[in-house]
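Undergrad: Quick one: structure below, then a few questions.
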Amino acid sequence: MRVTFCQAVLAVAIAFNLLVLYYISRLQQHVLHRHRDHALPSAHQQTNPLRPGVTVLIREFEDFENYIPTVARSFLRQEPELPIVVAADHLPYPPMVLPDAPNIRMVLLKPSPDQPAHVFRPEAYVRTEHVALVPDGAKADSTSQLERMLEEFKASRSTVEMVAAPVHSTTPLQCLDLRVSLKEWTAEYTAAPPSSKRCTALKGEAVLLLRTRDLFNLSVPLAKPLLTSLFIQTSLRGWAVRLLDVSFPALHHPLFTSSHNQWKADNLARANRLQLFQDFGIKRVVLEDGKEQWFGCGKETPRCFGTIHDDTPEYLYRNRWTPPCCLKALRETAKYVVNVLETSGVRYWLEGGTLLGAARHHDLIPWDYDVDLGIYLEDVPNCELLRGAESGSIVDEKGFVWEKAIEGDFYRVQYSEHNHLHVDLWPFYPKNGVMTKDTWMDHRQDVEFPEHFLKPLVPIQFAGFLALAPNDYRAFLELKFGEGAIENPEYPNPALKRMEKEN
């Protein structure tokens, strides 16, 4: 049988591809075997005392393009015995070929069912007293860089818990101050003074040095994005970082060699940031330029909490207040509903806890989960949306949902079809000079009251706009909630959850 030229070329091409696949497979097995052979500490190793020195820990990089082997070699060139740990969620692919040295190890953080738990704990591999977190692309060009950082750290330990050295890039490292309030689901960044070398967060690329035990005492020491995660946790502990004059050159500007890889990296960074804020319960981030970023609910998503039981939302049991995205939606809904009522000629007033919030904060109570308005029953026909709600739910042109509540004879306006944050409208009518209604809830404040509180209604600042309230609202509130209600805040059901008094 004769073999044509084309058939011969095809056979050679197939053989070549099979050979390439074979060598790639062998290379990946080699990397995996090195990880297993060199990176498995014994279970009791973690209890051994840490020795003096610094371990380089490289955590944040992308599989599809990185300089980790070169970064490692640059540090080993300056100090051949320097311990280096590369931490990855899973085995990198394409395979990462690290320098073949006993003091460099790759740690996989995602557990595997065939390995003991301690194998996936990064603290088992860092056995020095200090650790330097090194980003991808940073290059060591002097033995004195880590030494100087360690000396500066030891000299500053009474004032800071971390020191940082910038990595040269097109964007200079910026010193920031960070305030995190888990109770308010918020992280707020502000720019530190230009001359400041001490701050609580950094923006940009840096090598960060701290005590090993401090790092691994954090809840999630190696979450991504690494510095964002780290500074949220350290700011909650009152830690600070000092910016040093030491610096590291960068191996490549920009880090990624193609716009496609940059796009992939940016998308992964956004996804990691979103996941981090979800895990930490951060729903509002204020950047150093004053811009806000939201990571909670919106018109197209359900609200952040479920059904309320016994007037106590689940977040109160977690020692948190109403998520800021929910408060924002409630403010928006309240302002919209008030405008519709005023335009339609429906007399209304702030009721219950909503009025209490206006009197105390000129806003919603920080842990409230709805808005209550009283309206005159006789004015309901003046509003087309309220009339229409008598026969079923109406989604208006702004996406708000007007409906008759299933719990009784009152109206409800929801933020959207997906998000059921709402304003309740309670129809009252006068009877012998007393305002009453047909549906009563089992709430302390749900009582009749003299109509003279509504004649006249008075304006009050509430949630960023002017709303109407009963005249002598202090007496009105004390009739409903008891004496001193404005000055003595309490959760809705103190029998189940009491407010923790702050010092």
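Heads up: take any position in the sequence shown, counting from 1, add 7, and you land on the working numbering.
Ideal Cβ positions, reconstructed from N, Cα and C, are used throughout, including at glycine.
Do Ala139 and Val78 have their C-beta atoms within less than 8 Å of each other?
TA: In this structure, Val78 does not lie closer than 8 Å to Ala139 by Cβ.
Undergrad: Closest to Asp472 by CA distance: which of Val344, Val133, Thr329, Pro256 is it?
TA: One detail in the question is off: residue 472 reads as Phe in this sequence, not Asp. The shortest Cα separation from Phe472 among Val344, Val133, Thr329, Pro256 belongs to Val344.
Undergrad: If you follow the alpha helix (DSSP H) that Asp286 is part of, which residue opens it and which one closes it?
TA: Element bounds for Asp286: 266–287.
Undergrad: Just reading off the alpha helix (DSSP H) that Phe483 is part of, what are its end residues?
TA: Run containing Phe483: 480–488, per the alpha helix (DSSP H) assignment.
Undergrad: Cβ atoms of Ile467 and Leu357: under 8 Å apart, would you say?
TA: Yes.
Undergrad: At a cut of 8 Å, does the segment 337–355 reach the segment 379–386 through at least three beta carbon pairs?
TA: The segment 337–355, when compared against the segment 379–386, does touch it at the 8 Å Cβ threshold.
Undergrad: Helix, strand or coil for Glu72? Go by DSSP, reduced to three states.
TA: Three-state DSSP puts Glu72 in a strand.
Undergrad: So for Leu334, helix, strand or coil by DSSP?
TA: It is helical.
Undergrad: Whole angstroms are fine: how far does the CA of Pro120 sit from the CA of Ala46?
TA: The pLDDT assigned to Ala46 is 44, lower than 50, so where the model puts this residue is not dependable; a value taken from the coordinates is nonetheless given after this. Using only the alpha carbons, I get a separation of about 17 Å.
Undergrad: Pick out whichever of Arg505, Glu497, Ala230 has its Cα sitting closest to the Cα of Ile65.
TA: The candidate whose alpha carbon is nearest that of Ile65 is Ala230.
Undergrad: Taking all protein chains shown into account, decide if Lys146 is buried (16 or more other Cβ within 10 angstroms of its Cβ) or exposed.
TA: Lys146 is buried by the Cβ-count criterion.
Undergrad: I need the DSSP call for Pro457, collapsed to helix, strand or coil.
TA: Residue state, collapsed to three classes: strand.
Undergrad: What is the residue span of the beta strand (DSSP E) that Ala365 lies within?
TA: Premise fails: Ala365 lies in the alpha helix (DSSP H), 359–368, not in any beta strand (DSSP E).
Undergrad: Evaluate contact between the segment 440–458 and the segment 319–338, counting only Cβ atoms and requiring at least three cross-stretch pairs below 8 Å.
TA: No contact exists between the segment 440–458 and the segment 319–338.
Undergrad: Determine the burial state of Thr241: buried for a count of at least 16 other Cβ atoms within 10 Å of its Cβ, exposed for fewer.
TA: Counting Cβ neighbours within 10 Å, Thr241 comes out buried, since at least 16 surround it.
Undergrad: Could you round the C-beta distance between Val408 and Glu397 to whole angstroms and report it? I think they count as a contact, below 8 Å.
TA: Between Glu397 and Val408 the Cβ distance is about 14 Å, and since that is not below 8 Å, they are no contact.
Undergrad: Ignoring anything shorter than 3 residues, give me the beta strand (DSSP E) runs that lie fully in the segment 114–181, in order along the chain.
TA: Counting only runs of 3 or more, we get 135–140, 169–173.
Undergrad: Ordered along the chain, which non-local residues of its own chain (more than five positions away) have a Cβ less than 8 Å from that of Pro496?
TA: Counting only Cβ-Cβ distances below 8 Å, and skipping sequence neighbours, we find Arg367, Ile372, Met506.
Undergrad: Does the beta-carbon distance from Ala194 to Asp184 come in below 8 Å?
TA: Taking 8 Å as the Cβ cut-off, Ala194 and Asp184 do not qualify as a contacting pair.
Undergrad: Check whether the Cβ atoms of Val402 and Leu393 sit closer than 8 Å, and answer yes or no.
TA: For Val402 and Leu393, no; Cβs fall outside 8 Å.
Undergrad: Can you check whether the C-beta of Ala171 is within less than 8 Å of a C-beta belonging to chain C?
TA: Note that chain C does not occur in the displayed structure, where there is just one protein chain.
Undergrad: With distances taken between CB atoms, is the gap from Leu283 to Ser236 smaller than 8 Å?
TA: Cβ atoms of Leu283 and Ser236: closer than 8 Å.
Undergrad: Is it buried or exposed for Gly144, if we count other Cβ within 10 angstroms and need 16 for buried?
TA: Classification for Gly144: buried.
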